[in-house]
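Novice: This is the structure I have questions about; it appears just below.
2 protein chains.
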Amino acid sequence: MYAILKSFLKSKTSIDETTLNEICSHFKQIKTKKNEILLHFDQVADRYYFVNKGCIRLFTITRDGNEISRFFAFEGSFGTALPSFIDQKPAEEYLQTIENSELLSISRTDFYHLVATIPQFAKIYTEILELGFIVAQKRIYGFQGYDALYKVKWTIQNQPQLLLRVSNKMTASYLGISPSTLSRIKSKL
Amino acid sequence: MYAILKSFLKSKTSIDETTLNEICSHFKQIKTKKNEILLHFDQVADRYYFVNKGCIRLFTITRDGNEISRFFAFEGSFGTALPSFIDQKPAEEYLQTIENSELLSISRTDFYHLVATIPQFAKIYTEILELGFIVAQKRIYGFQGYDALYKVKWTIQNQPQLLLRVSNKMTASYLGISPSTLSRIKSKL
DNA sequence: GAAAAAGATTGACTTAAGTCAACGAATTCA
DNA sequence: TGAATTCGTTGACTTAAGTCAATCTTTTTC
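Respectively, the protein sequence lines represent chains X and H.
Note that UniProt numbering gives residue 74 to position 74 of the first sequence, counting from 1, and the numbers run on in steps of one.
Note that UniProt numbering gives residue 159 to position 159 of the second sequence, counting from 1, and the numbers run on in steps of one.
Here you go:
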């Protein structure tokens, strides 16, 4: 149950089994259905999720009622509405599992308690933030000034899972293009 | 010389004067000219800058020779090519002061030494990352799916300094629109 | 397993924004 | 301070991508 999480933690820093178990003991396993909403637009995020199986999607809905996908977390990564989790303001986005999923979930209180008391966990959190920052940057800069074809090619190179596991509609809204455009591009490549 | 930096640090965490001085002692002041390059595309970032006066711009150049602005740091904020600073890989971007500037500069070694030895500084670094992450997210999501007019309005609301202090050309490339389009939009509002 | 719903594809048309070029305004620096 | 260069604005034209709708396909659900 904690195997993937433990190997994730070990990959980030050197850490003994006792500490690993202490960390894992605060994570509860939950199973969710495809399309289940974990967090609503107006809610404040108070749990951090680690994906054991399945996929979490972060998305929002624009004024005109269109879904915009923001982020996908697959097996072996953490996901939550981080700005809300950090600042305890309404998320202004939804968290959803887009496949039947098995998640490990930790409360915000426990999470920050671990950050405060276990230096290795603090280090891991820093690395999660650093990585999140770098990924966000790459996403902005990888796309900036390029056309739809380039964005799709970039995604195939950098996040191949997306095209394989996520619907056209969700992928298109993630890339900031219309489903028709994505469909046309895929047919030419 | 360290007044702005100290008040920045104090705003982030409670910290005594001795520790503040210890932190500040690792920052050296440098003065730079308008358009001076602090870091080249192929270099590895090994300094973190705090802007006392002026403005740092992060930008890159595309295959077809166009500058794309990525980030602007004004007075009272930190700026560097963070992915390179973190991972010690070539920056693939330039750092430049776009005004005559006064910067406080710390080496990567000293920076991570402070992170490792002064818990308050580690906390501040975490908050810088959290904030950077949130800002990056807002930038992606504030723009996603919206047209040029909306992007300009968003920028006026969220980063009013940009329109006032940065040239049209740089602002346009930051927003991912052409200078002509930015010019046309500004004339209509 | 059939009916219904949701998603994907494709074509015809529209539109927002880009390009290119010309000109005027503003900076730069010798 | 004046020549030179860069920057901003505007107009005419082009184009990439969006919209809308029809059709086809896949996935749900009862």
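Even glycine gets a Cβ: it sits at the ideal position worked out from N, Cα and C.
All values derive from a computational prediction rather than experimental measurement.
(1) Quick one: which chain H residues come within Cβ less than 8 Å of Thr60 (chain X)?
(2) Would you kindly check if the distance between the Cβ of Ile106 (chain H) and the Cβ of Phe41 (chain H) is under 8 Å?
(3) List the residues of chain X whose Cβ lies closer than 8 Å to the Cβ of Asn168 (chain H), in chain order.
(4) By DSSP, does Arg47 (chain X) sit in helix, in strand, or in coil?
(5) Kindly identify the DSSP beta-bridge partner or partners of Glu102 (chain X).
(6) From this set, X:Leu39, X:Ile98, X:Ile68 and X:Glu75, which residue's C-alpha is nearest Ala3 (chain X)'s C-alpha?
(7) Give the single residue among X:Met1, X:Thr19 and X:Ser7 whose Cα lies nearest to the Cα of Gln120 (chain X).
(8) Buried or exposed: where does Glu54 (chain X) fall if 16 or more other Cβ atoms within 10 Å of its Cβ makes it buried?
(9) Using a Cβ-Cβ distance under 8 Å, would Asn158 (chain H) count as near chain X?
(10) What does the alpha-carbon distance come out to for the pair Pro83 (chain X) and Thr171 (chain X)?
(11) Starting from Ile68 (chain X), trace the alpha helix (DSSP H) both ways and give me its first and last residue.
(12) Taking Cβ positions, are Ala136 (chain H) and Thr181 (chain H) nearer each other than 8 Å?
(13) What residues in its chain sit with their C-beta under 7 Å from that of Ile156 (chain X), if we drop five residues either side in the sequence?
(14) Given a limit of 8 Å on CB to CB distance, which residues of the stretch 54 to 78 of chain H reach chain X?
(15) Can you tell me which of the three DSSP states Ile134 (chain X) falls into?
(16) Is Ala136 (chain X) close to chain H, meaning its C-beta is less than 8 Å from at least one C-beta of that chain?
(17) Do you know offhand how far Ile140 (chain X)'s Cα is from Ile140 (chain H)'s?
(18) Look up Leu95 (chain H) in the DSSP assignment and say whether it is helix, strand or coil.
(19) If we count the other Cβ atoms within 10 Å of its Cβ and call it buried at 16 or more, is Tyr150 (chain X) buried or exposed?
(20) With 16 as the cutoff for other CB atoms within 10 Å, does Leu114 (chain X) come out buried or exposed?
(21) By DSSP, does Gly142 (chain X) sit in helix, in strand, or in coil?
(22) Within the same chain, show all residues whose beta-carbon is closer than 6 Å to that of Gln88 (chain X), passing over the 5 residues directly before and after it, in chain order.
(23) Look at the alpha carbon of Thr13 (chain X) and the alpha carbon of Lys188 (chain H), and state the distance between them as a whole number of angstroms.
Specialist: The structure says:
(1) Against the first sequence, residue 60 (chain X) aligns to sequence position 60. Contacts between Thr60 (chain X) and chain H, judged by CB atoms closer than 8 Å, involve Tyr141 in chain order.
(2) Sequence index remark: in the second sequence, residue 41 (chain H) carries index 41 (1-based). Sequence index remark: in the second sequence, residue 106 (chain H) carries index 106 (1-based). No, the pair does not count as a contact, with Cβ atoms beyond the cut-off.
(3) Looking up residue 168 (chain H) in the second sequence gives position 168. Those within 8 Å of Asn168 (chain H) in chain X number zero; the least Cβ separation is about 16 Å.
(4) Residue numbering aside, residue 47 (chain X) sits at position 47 when the first sequence is read from its first letter. Strand.
(5) For this step, residue 102 (chain X) is matched to residue 102 along the first sequence. Answer by DSSP bridge pairing, in chain order: X:Lys31 and X:Lys53.
(6) As a position in the first sequence, residue 3 (chain X) is number 3, starting the count at 1. Nearest C-alpha to Ala3 (chain X): X:Glu75.
(7) Here residue 120 (chain X) is taken as the residue at index 120 of the first sequence, counted from 1. Looking at the Cα atoms, X:Thr19 is the closest of the given residues.
(8) Here residue 54 (chain X) is taken as the residue at index 54 of the first sequence, counted from 1. Correcting the residue type first, residue 54 (chain X) is Gly in the shown sequence and not Glu. With 16 or more other Cβ atoms within 10 Å, it is buried.
(9) Translated into positions along the second sequence, residue 158 (chain H) becomes position 158. No, because no Cβ of chain X sits closer than 8 Å to the Cβ of Asn158 (chain H).
(10) In the first sequence, counting from the first residue as 1, residue 83 (chain X) sits at position 83. In the first sequence, counting from the first residue as 1, residue 171 (chain X) sits at position 171. Approximately 22 Å, taken between the alpha carbons.
(11) Mapped onto the first sequence, residue 68 (chain X) falls at position 68. For Ile68 (chain X), there is no enclosing alpha helix (DSSP H); the residue is part of the beta strand (DSSP E) that begins and ends at Glu67 to Ala73.
(12) The residue you call residue 136 (chain H) lines up with position 136 of the second sequence. The residue you call residue 181 (chain H) lines up with position 181 of the second sequence. Cβ distance not < 8 Å, so Ala136 (chain H) and Thr181 (chain H) don't count as in contact.
(13) Looking up residue 156 (chain X) in the first sequence gives position 156. Closer than 7 Å at the Cβ level, and outside the excluded window around Ile156 (chain X), lie Leu163.
(14) Thr60, Thr62, Asn66, Ile68 and Arg70
(15) As a working note, residue 134 (chain X) is residue 134 in the first sequence. It is helical.
(16) For the purposes of this step, residue 136 (chain X) is taken as residue 136 along the first sequence, with counting starting at 1. Chain H contact via Cβ: present.
(17) Here residue 140 (chain X) corresponds to residue number 140 of the first sequence, with the count starting at 1. Here residue 140 (chain H) corresponds to residue number 140 of the second sequence, with the count starting at 1. Distance between the alpha carbons of Ile140 (chain X) and Ile140 (chain H) is about 7 Å.
(18) For the purposes of this step, residue 95 (chain H) is taken as the residue at position 95 of the second sequence. Strand.
(19) Stepping through the first sequence from its first residue, residue 150 (chain X) is reached at position 150. It is exposed - the Cβ of Tyr150 (chain X) has fewer than 16 other Cβ atoms within 10 Å.
(20) The residue you call residue 114 (chain X) lines up with position 114 of the first sequence. Looking at its Cβ environment, which holds 16 or more other Cβ atoms inside 10 Å, Leu114 (chain X) is buried.
(21) As a position in the first sequence, residue 142 (chain X) is number 142, starting the count at 1. Gly142 (chain X): helix per DSSP, three-state reduction.
(22) As a first step, residue 88 (chain X) must be located in the first sequence, where it is residue number 88. Excluding positions up to five away in sequence, the list reads Val44.
(23) Counting from 1 along the first sequence, the entry for residue 13 (chain X) is found at position 13. Counting from 1 along the second sequence, the entry for residue 188 (chain H) is found at position 188. Approximately 54 Å between the Cα atoms of the pair.
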